[in-house]
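Presented below is the structure to which this report refers.
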Amino acid sequence: MMKFVTLSIAALSAAIFTLNSFAAETVNLYSARKEALIKPMLDDFTKQTGIEVRLLTGGGDALLTRLQAEGENTPADLFLTVDAGNLHRAAQAGVFQELGSPLALQAVPSQYHGDGNLWLGLSLRARPIFYAPDRVNPEQLSGYADLADNRWDNNVCIRSSDNIYNQSLTAALIQHWGEEKTEEWARGLVDNLAKPPVGGDRDQIKALANGVCDIAVANTYYLGVMEASDDAAEREAASKVKIFWPNQDDQGTHVNVSGIGLTKHAKNADNARRLVEFLLSPEAQQWYAEANNEYPIRRGVDWSDRLMNWGEFKMDSLPMRHLGENNADAVRLMNRAGWR
Amino acid sequence: MATAVLLGLPLFVVAYAALQLLLSGDHSTLSHLWQTVVPEYIRNSLILLAGVAIGVMTLGVSTAWLTTCCRFPGQRYFQWALLLPLAMPAYITAYTYTGMLDFSGPLQSAIRDFTGWGYGDYWFPQIRSIAGAVMVLSLVLFPYVYLITRAAFLQQSTATMEAGRSLGLTPWQSFWRLALPLARPAMVTGTTLALMETLADYGTVQYFGVTTFTTGIFRTWYGLGDLQGALQLAAMLLVAVIALIMIERWSRQNARYEQSSQRQAQPFQLTGSKAWLATAACALPLTLGFILPALQLAAWSLDRWQVWTQPDFWGLAFNSLMLAFIAAIITVLLALWLAYGKRQFPTRPIRATVSFAGMGYAIPGIVIAVGVMLPLAALDAGLIAVAKSWFNWNPGLLFSGTLVALLFAYTVRFLSVSLQTVSAGLAQIRPSMDESAQILGYQPPQVLRKVHFPLLRTSILTAIILVGVDVLKELPATLVLRPFDFNTLAVRAYEMAGDERLADAGPPALMMVMVGLIPVILLSRAMLASQHVVLKEHELGPVTP
Chain A
1 MMKFVTLSIA ALSAAIFTLN SFAAETVNLY SARKEALIKP MLDDFTKQTG
51 IEVRLLTGGG DALLTRLQAE GENTPADLFL TVDAGNLHRA AQAGVFQELG
101 SPLALQAVPS QYHGDGNLWL GLSLRARPIF YAPDRVNPEQ LSGYADLADN
151 RWDNNVCIRS SDNIYNQSLT AALIQHWGEE KTEEWARGLV DNLAKPPVGG
201 DRDQIKALAN GVCDIAVANT YYLGVMEASD DAAEREAASK VKIFWPNQDD
251 QGTHVNVSGI GLTKHAKNAD NARRLVEFLL SPEAQQWYAE ANNEYPIRRG
301 VDWSDRLMNW GEFKMDSLPM RHLGENNADA VRLMNRAGWR
Chain B
1 MATAVLLGLP LFVVAYAALQ LLLSGDHSTL SHLWQTVVPE YIRNSLILLA
51 GVAIGVMTLG VSTAWLTTCC RFPGQRYFQW ALLLPLAMPA YITAYTYTGM
101 LDFSGPLQSA IRDFTGWGYG DYWFPQIRSI AGAVMVLSLV LFPYVYLITR
151 AAFLQQSTAT MEAGRSLGLT PWQSFWRLAL PLARPAMVTG TTLALMETLA
201 DYGTVQYFGV TTFTTGIFRT WYGLGDLQGA LQLAAMLLVA VIALIMIERW
251 SRQNARYEQS SQRQAQPFQL TGSKAWLATA ACALPLTLGF ILPALQLAAW
301 SLDRWQVWTQ PDFWGLAFNS LMLAFIAAII TVLLALWLAY GKRQFPTRPI
351 RATVSFAGMG YAIPGIVIAV GVMLPLAALD AGLIAVAKSW FNWNPGLLFS
401 GTLVALLFAY TVRFLSVSLQ TVSAGLAQIR PSMDESAQIL GYQPPQVLRK
451 VHFPLLRTSI LTAIILVGVD VLKELPATLV LRPFDFNTLA VRAYEMAGDE
501 RLADAGPPAL MMVMVGLIPV ILLSRAMLAS QHVVLKEHEL GPVTP
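Read top to bottom, the protein sequences are chains A and B.
Residues in the first sequence are numbered consecutively from 1, following UniProt numbering.
Residues in the second sequence are numbered consecutively from 1, following UniProt numbering.
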């Protein structure tokens with residue numbers, strides 16, 4: 001028994017000290033983007049600059065809470081999230097400072113800057129409507145309002161309102177339509193659901209392909225992953241659906257950002273700046289398009305063939321901060337509408 | 001006492017935050033939730049609890065009885081194999097069943113291809129539903145009941161059983177009229193553990209789209225950005241847990257059966273169709289709870305065989321195993337400390353704090369993570385301030401930024417598992433045994449070493465293994481509290497599955513199951529061995545000088 005104790009104490013202290021050691025040049029990143037989707041780019045950065053990136057992935061809100069609890073002692077230099085809502089919340093909580101890189105500011109169009117430039121978008125993610133071309137004539141569709149239209153009764157697939165993408169979409173609609181109309185829309189949508197709102201975006205696309213519903217809502221990069229999948233069934237499902245770009249005559253298709261901010265108590269601010277500039281460089285932006293099927297945020301960066309294939313479209317130009325501001329209202333509204 | 005208070009600290013943080021808010025009169029979030037979603041959370045949570053209780057008791061007690069008291073084909077293998085589902089994290093089992101049974105999965109696609117039907121032309125159970133969640137959780141959690149009830153059956157006095165048999169009871173009758181009532185405290189303990197785990201479950205219910213208290217806590221925190229409101233929900237959950245524990249305590253108090261078992265009762269020899277029925281009854285939960293999901297994982301892993309050759313993948317396995325090992329040792333040592341404290345000084349405040357410290361098991365890992373993070377970060381801030389002003393040195397985040405935080409969280413979360421197991425073991429050592437040993441001339445330390453330790457060995461080992469397996473599978477707290485560049489198998493599997501890349505989640509999940517198998521097999525062996533050990537060690541030898 002004593003041997004066990006000694007051994008575990010030794011292992012524990014070893015673990016503490018090795019993990020606390022600092023390399024010469026580092027930048028510490030808290031990331032809500034999953035490791036597999038960002039590590040290759042960080043490795044490239046280390047190769048180019050010699051700066052080591054230490055990564056901690058997790059849920060956006062959990063990381064933010066940790067950041068706040070750590071206060072001025074936080075090791076984090078940068079906080080990266082995959083939606084505007086969390087960025088806004090982080091800015092409100094006062095954990096960010098201005099990045100102070102004119103280069104980065106210039107690369108990102110101004111509607112994708114946080115208030116006071118406390119954060120910057122890194123990539124764009126679109127959330128259009130998908131339809132089954134063998135059953136639906138795209139002329140029957142016009143925009144997000146269709147999802148609540150009687151015509152699609154028992155024929156709409158969308159995931160749970162727990163999901164931040166649906167919360168952001170609803171937050172954007174609140175900004176465009178007002179709360180009352182949006183709540184009515186949410187009720188109509190719930191009535192139209194073909195199945196309980198379970199599964200992820202990819203599951204909605206598969207449901208659409210398998211005839212569970214005629215229209216579905218999902219982020220486009222999921223279709224990209226399915227088209228490039230090495231599973232034949234997934235490729236086949238992807239071939240059975242098409243993207244409809246909603247609201248091209250008015251507000252445009254809903255987009256969200258993944259974005260990043262410099263923490264207020266960053267210890268490696270210079271390195272952090274270099275990392276953000278790297279992530280906004282044309283090469284890195286192109287990598288987003290190629291590898292992750294997201295839309296580059298920097299103007300003038302070529303879209304990948306796949307993105308071009310899906311077609312160009314008008315994006316909603318709503319400033320991103322509204323998504324954050326309206327998020328809690330959106331969740332309350334969806335609670336009331338019974339959207340699980 | 002101090003230890004119990006320390007371990008209860010994160011729970012106090014939750015309770016305190018909730019209380020503060022209740023007193024401050026800001027009920028806007030709470031009243032909104034009450035009006036909209038809380039009734040559904042309560043309803044779904046209750047259905048889930050009732051379903052899982054029925055499920056784990058049916059599966060756990062029947063298999064425990066059959067493998068202990070009957071002989072039939074395969075009985076020897078089932079004895080240990082029925083523990084295998086323990087190695088399966090519930091959310092992983094959920095992924096595999098979704099992969100197999102969803103409408104776009106292979107089974108339903110085959111049905112459609114074969115019959116030419118489309119969606120809606122045929123009925124098929126929806127796996128992503130509350131019934132699916134009950135099924136998955138029951139299949140994964142029944143080994144708790146099996147394990148603890150089996151131990152109780154093994155200890156049941158031969159005399160009672162043989163008296164029953166001489167009065168002409170059939171196997172069936174002796175099960176219902178003798179074994180079952182006598183094993184009731186054990187059944188309740190096992191079921192309570194399973195139910196606490198059910199309440200804390202997030203992965204499965206979230207994946208299946210079932211809204212429970214736990215998913216509500218996440219939704220309130222993430223969606224409404226309201227950590228305080230989330231903690232209030234967590235405090236409500238705490239109340240539910242207190243109720244659950246009181247029921248358990250009450251059932252144990254009413255029934256205290258101390259039996260001295262000298263040897264095991266003669267088992268019933270089943271033959272013919274009855275024997276095969278028994279085999280089937282044990283094979284079914286084993287197949288559904290372990291073999292099928294494991295085969296699915298294996299199939300996915302073959303698809304992604306390249307992963308196995310990557311060195312960082314093996315690093316994940318090492319991290320997981322190391323954490324599980326250290327956390328298990330610490331937790332069990334603390335449980336022993338607390339259990340002895342309670343035994344030696346059974347005062348009211350000590351009993352109360354020890355029970356409070358044991359409640360972490362039913363609290364979602366993420367809530368415990370918050371309860372651990374806030375005080376540890378404050379402690380670090382204090383330390384850094386002192387170190388800076390005295391030595392002009394910044395030690396960094398010694399507690400909140402390192403594995404200490406994680407281990408603390410595991411201890412809080414899983415103390416209950418080890419405490420229950422160790423206390424159950426300790427309860428068997430009647431005070432009269434201490435007295436007899438002392439009369440025989442043993443000093444107290446010798447009593448511990450020569451009487452208690454041998455008798456407790458199985459319980460201690462069981463506790464270490466149960467905690468170890470739980471830590472291996474733990475996800476939410478690990479995700480929030482881990483240090484930089486530190487990943488575990490559970491984290492990797494979750495990130496892949498969360499991205500709907502089920503096949504990519506295969507290798508880490510399979511690895512997690514395989515690593516988890518090591519302790520489970522150890523446990524099975526210890527369990528088999530203890531059957532013989534009990535016989536030998538019940539005799540107190542004379543003092544050896």
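Beta carbons: idealized from backbone N, C-alpha and C, even for Gly.
All of these numbers come straight from a predicted model, not from anything done at the bench.
Where residue i falls, given that 16 or more other Cβ within 10 Å makes a residue buried
i: B/S174; result: buried
i: B/S459; result: buried
i: A/E139; result: exposed
i: B/F114; result: exposed
i: B/Y410; result: buried
i: A/D203; result: buried
i: B/Y122; result: exposed
i: B/D312; result: exposed
i: A/A232; result: exposed
i: B/D226; result: buried
i: B/L11; result: buried
i: B/A53; result: buried
i: A/E283; result: exposed
i: A/G199; result: buried
Contact check, residue i vs residue j, beta carbons under 8 Å
i: A/N28; j: A/L64; result: no
i: A/L55; j: B/F484; result: yes
i: A/A171; j: A/A69; result: no
i: B/L502; j: B/Y91; result: no
i: A/P319; j: B/L397; result: no
i: B/L48; j: B/T271; result: no
i: A/R273; j: A/L80; result: no
i: B/S432; j: B/A339; result: no
i: B/P181; j: B/F268; result: no
i: B/L178; j: B/G164; result: yes
i: B/P143; j: B/L82; result: yes
Neighbour flag for residue i against chain B, beta carbons, 8 Å
i: A/G211; result: yes
i: A/D61; result: yes
i: A/Q248; result: no
i: A/N327; result: yes
i: A/S101; result: no
i: A/L208; result: no
i: A/R127; result: no
Anticipated Cβ contact below 8 Å, residue i with residue j, distance rounded
i: A/A36; j: A/G60; result: A/A36 to A/G60, Cβ: 17 Å. No contact.
i: A/A237; j: A/K206; result: 5 Å
i: B/V471; j: B/A327; result: 5 Å
i: B/G360; j: B/I368; result: 6 Å
Within chain E, the residues that residue i reaches when beta carbons sit closer than 9 Å
i: A/D162; result: Reference to chain E is not applicable here, since the protein chains of this structure are A and B.
Cα-Cα separation between residue i and residue j, rounded to whole angstroms
i: A/V301; j: A/E234; result: 29 Å
i: B/R43; j: A/C213; result: 29 Å
i: B/T67; j: B/S273; result: 17 Å
i: A/S21; j: B/Q420; result: With a pLDDT of 46 at A/S21, under the threshold of 50, the modelled position of that residue is not reliable, and no figure is offered here.
i: A/F130; j: A/P109; result: 28 Å
i: A/A337; j: A/I215; result: 20 Å
i: A/D316; j: A/Y295; result: 13 Å
i: B/C282; j: B/F78; result: 7 Å
i: A/R332; j: A/R306; result: 37 Å
i: A/S160; j: B/E40; result: 15 Å
i: B/E197; j: B/P507; result: 25 Å
Residue-chain proximity (residue i, chain A), Cβ-Cβ < 8 Å
i: B/Y146; result: no
i: B/F484; result: yes
i: B/A505; result: no
i: B/V37; result: yes
i: B/D499; result: yes
i: B/E474; result: no
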